[in-house]
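The structure appears right after this line, and notes come after that.
Protein chains in written order, with this note's numbering: chain C, 1 to 111; chain P, 112 to 227.
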């Protein structure tokens, strides 16, 4: 049970913003939303995480809905290197490293 | 600073054999976890160690085991290999046990196991 729902695939043009949605309608109050991505032939890589407020870092922004039942990962300007599988994970804080990964969204970036 | 190092990167075994995979976490990281990735099942959690103690275990048979040493390095072992054990085995480390609200997992590049 991945506990989150994401589109199987998305496509974007290079240098355009990308909005990757994630549905987590059964989220509980202590669950954080984590995003990881996996580039071809590499292990997953941390992107961003948050609890309630929107979050920004050098890689991306995370917009969390007010009811926390959904969130959106925003890549402000897609590059070819951003082509990867993006995983949205809800995970209870203080619950260790046992993340439940779903199938994720495969993002293709077109030149 | 060096990342998570996994060895070997690739290996081929035959059914019935056993295999040991090694993971060296980032210096200073005390939590290590293992994941199996296959095309059919995706990424699945195997187990997690902190300070040489197994903290969590996923839903895998007893043929899958692991341990952590005092220097935080970890090994996982799969005995009596089956064809379905062919997978990419990923190790991840993090700074501490106190949740991931302020931390992140750092993954290695994985060990790709092929069972013939």
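Glycine included, C-beta positions come from ideal geometry on N, C-alpha and C.
At a CB-CB cut-off below 7 angstroms, which residues of chain C make contact with residue i?
i                      : result
residue 142 of chain P : 97
residue 221 of chain P : 43
residue 170 of chain P : By Cβ distance, chain C contributes nothing, its closest Cβ being about 10 angstroms from residue 170 of chain P, past 7 angstroms.
Which residues bound the beta strand (DSSP E) around residue i?
i                      : result
residue 177 of chain P : 175-179
residue 188 of chain P : 185-189
residue 79 of chain C  : Unbroken run through residue 79 of chain C: none, as it is neither H nor E.
residue 122 of chain P : 121-124
residue 140 of chain P : Run containing residue 140 of chain P: none; DSSP gives neither H nor E here.
residue 311 of chain P : Limits of chain P in this structure are 112 at one end and 227 at the other, which puts residue 311 of chain P out of reach.
residue 115 of chain P : No beta strand (DSSP E) holds residue 115 of chain P; DSSP gives it neither H nor E.
residue 224 of chain P : 222-226
Just tell me which of the options has its CA closest to the CA of residue i.
i                      : options                       : result
residue 29 of chain C  : C:12, C:74, C:46 and C:90     : C:90
residue 105 of chain C : C:83, C:96 and C:99           : C:83
residue 204 of chain P : P:130, P:125, P:124 and P:141 : P:141
residue 108 of chain C : C:33, C:5, C:12 and C:31      : C:12
residue 71 of chain C  : C:35, C:8, C:16 and C:111     : C:35
residue 155 of chain P : P:183, P:198, P:188 and P:130 : P:198
residue 9 of chain C   : C:62, C:20, C:16 and C:15     : C:20
residue 47 of chain C  : C:85, C:24 and C:25           : C:85
residue 127 of chain P : P:137, P:188 and P:149        : P:188
residue 139 of chain P : P:125, P:114, P:131 and P:190 : P:114
residue 125 of chain P : P:172, P:221 and P:194        : P:194
Bridge partners of residue i, per DSSP?
i                      : result
residue 194 of chain P : In DSSP, residue 194 of chain P forms no bridge with anything.
residue 217 of chain P : P:204
residue 59 of chain C  : In DSSP, residue 59 of chain C forms no bridge with anything.
residue 130 of chain C : Because chain C here runs from 1 to 111, residue 130 of chain C falls outside it and cannot be looked at.
residue 23 of chain C  : C:5 and C:70
residue 167 of chain P : P:159
residue 102 of chain C : Looking at the DSSP assignment, residue 102 of chain C forms no beta bridge with any residue, so it has no partner.
residue 147 of chain P : P:155 and P:200
residue 11 of chain C  : C:108
Mind pulling the chain P residues with CB within less than 8 angstroms of residue i?
i                      : result
residue 45 of chain C  : 218
residue 103 of chain C : 153
Since residue i meets chain C, which of its residues come closer than 9 angstroms, beta carbon to beta carbon?
i                      : result
residue 203 of chain P : 43, 44, 97 and 99
residue 167 of chain P : 95, 96, 97 and 98
Rounded to the nearest angstrom, how far is the Cβ of residue i from that of residue j, given a contact under 8 angstroms?
i                      : j                      : result
residue 151 of chain P : residue 158 of chain P : Incorrect: roughly 21 angstroms between the Cβ atoms, too far for contact.
residue 27 of chain C  : residue 69 of chain C  : 6 angstroms
residue 185 of chain P : residue 177 of chain P : 6 angstroms
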